[in-house]
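Read the structure below first, then the notes.
2 protein chains.
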Amino acid sequence: MATRKPSPDPSVEQIDTGFLDSLVGYNARRATLVIVDAFLRNMAVYGLRPVDFSVLSLIGHNPGITSRQLCATLNLQPPNLVGMVNQLQTRELILRRPHPHDGRAMGLHLTPAGKKMMKQAEVTAFELEETATARLSVAERKTLMQLLRKIYV
Amino acid sequence: MATRKPSPDPSVEQIDTGFLDSLVGYNARRATLVIVDAFLRNMAVYGLRPVDFSVLSLIGHNPGITSRQLCATLNLQPPNLVGMVNQLQTRELILRRPHPHDGRAMGLHLTPAGKKMMKQAEVTAFELEETATARLSVAERKTLMQLLRKIYV
DNA sequence: TATTGTTATACTCTATAACTATA
DNA sequence: TATAGTTATAGAGTATAACAATA
Numbered sequence: 001m002a003t004r005k006p007s008p009d010p011s012v013e014q015i016d017t018g019f020l021d022s023l024v025g026y027n028a029r030r031a032t033l034v035i036v037d038a039f040l041r042n043m044a045v046y047g048l049r050p051v052d053f054s055v056l057s058l059i060g061h062n063p064g065i066t067s068r069q070l071c072a073t074l075n076l077q078p079p080n081l082v083g084m085v086n087q088l089q090t091r092e093l094i095l096r097r098p099h100p101h102d103g104r105a106m107g108l109h110l111t112p113a114g115k116k117m118m119k120q121a122e123v124t125a126f127e128l129e130e131t132a133t134a135r136l137s138v139a140e141r142k143t144l145m146q147l148l149r150k151i152y153v
Numbered sequence: 001m002a003t004r005k006p007s008p009d010p011s012v013e014q015i016d017t018g019f020l021d022s023l024v025g026y027n028a029r030r031a032t033l034v035i036v037d038a039f040l041r042n043m044a045v046y047g048l049r050p051v052d053f054s055v056l057s058l059i060g061h062n063p064g065i066t067s068r069q070l071c072a073t074l075n076l077q078p079p080n081l082v083g084m085v086n087q088l089q090t091r092e093l094i095l096r097r098p099h100p101h102d103g104r105a106m107g108l109h110l111t112p113a114g115k116k117m118m119k120q121a122e123v124t125a126f127e128l129e130e131t132a133t134a135r136l137s138v139a140e141r142k143t144l145m146q147l148l149r150k151i152y153v
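Chains as they are written, first to last, in UniProt numbering: chain V, 1 to 153; chain L, 1 to 153.
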């Protein structure tokens, strides 16, 4: 009986990502990483990571918000927020004031320096997003956000 | 001169997330986390995290793909892939064969058991996504992925 | 000289248990 | 008894430097 020489193991030239491309989660994750990367580069001048920016932005638009409320809104674990808030306070971007009617809690506020920085940082964040999503029209960008919100709201 | 009693520090009832909601990155990240969470719960039965699933899916659709090619496609660091590939091999889901014309590289392949499991796992992944994005119509789901790809491709 | 796969390692991110003080 | 904030800590995720074998 003749033994057939095993067919050579071909190398992969073009990589087929077809199945992964059909998953919303895969596409959302890849797009998120691109924008986060742009964010890290453009916001480094302010010394802000995405989470710091989110925290400061929420404090700015909700003076007196508590740590618990920040955690619930941003889906953070309370122990992981402690260090961030301490650092932002050390940098004199925020301050803690006693909560009006809950002795356990502290209301968080931006300092004047924090307000000034965030005014600029929010402009930078918006511009960086426009650059990262430059291939989308204004209408497409709006549609994209509406569709994304249908998933997580 | 009369001193005015400082106005009471009001507590925040309704949290304004308006600015963050206007950022594609924030919305993409929140949506991604929801889908990843659903993925972790539904794929736990296979013992697969998103990255394991992506690796196995690419190997399945690209028999003989190398570690380097996996890293480039999935944006992974080579040292972080070593442990994953070793584990998948220990679980007898994949095997390494010499690369046809590069003595440094190894071609990765699914074992019969790996193929059998991935056939089921890909169905589960697709179904879980449909559930997680149930508020989107088929057309909306397609539009969403097209828009996301415009950001990262 | 450059590349594949690897080891060792460090840094970040995220999660849990348990404590204190207040409600 | 429950909640806000905190401490300590563990695990997962991600990144870099450096090496041996091969191109």
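Here a beta-carbon is modelled for each residue, glycine too, at the ideal position from N, C-alpha and C.
Just so we're clear, the structure is a prediction, and the values are computed from it rather than from any experiment.
- For V/Val36, the closest alpha carbon among the candidates V/Arg68, V/Val51, V/Glu122 is that of V/Val51.
- Look at the UniProt domain "HTH marR-type" (1 to 153) of chain L and you find these whole runs of alpha helix (DSSP H), each 4 residues long or longer: 18 to 21, 24 to 43, 50 to 61, 67 to 74, 78 to 90, 112 to 132, 138 to 152.
- Within chain V, the C-beta atoms nearer than 9 Å to that of L/Ala132 come from Val24, Gly25, Ile151, in chain order.
- Per the Cβ contact rule, the segment 56 to 76 of chain L is not in contact with the segment 141 to 150 of chain L (fewer than 3 Cβ pairs under 8 Å).
- Take V/Cys71, set aside five residues on each side of it, and the residues of its chain with a beta-carbon closer than 8 Å to its own are Gln77, Pro78, Leu81, in chain order.
- With fewer than three CB-CB distances shorter than 8 Å, the segment 120 to 128 of chain V does not count as touching the segment 118 to 130 of chain L.
- Counting C-beta pairs closer than 8 Å gives fewer than three between the segment 27 to 35 of chain V and the segment 134 to 142 of chain L, which falls short of the contact rule.
- Pairing V/Phe19 with L/Ser57 gives a Cβ-Cβ distance under 7 Å.
- For the pair L/Phe53 and L/Met43, the Cα-to-Cα distance works out to about 9 Å.
- If you draw a straight line from the Cα of V/Gly83 to the Cα of V/Asn75, it comes to about 16 Å.
- The beta carbon of L/Thr124 sits no closer than 7 Å to any beta carbon of chain V.
- Rounded to whole angstroms, the gap between the alpha carbons of L/Leu136 and V/Ser67 is 33 Å.
- Residue environment: V/Val24 is assigned as buried (16 or more neighbouring CB atoms within 10 Å of its CB, all protein chains considered).
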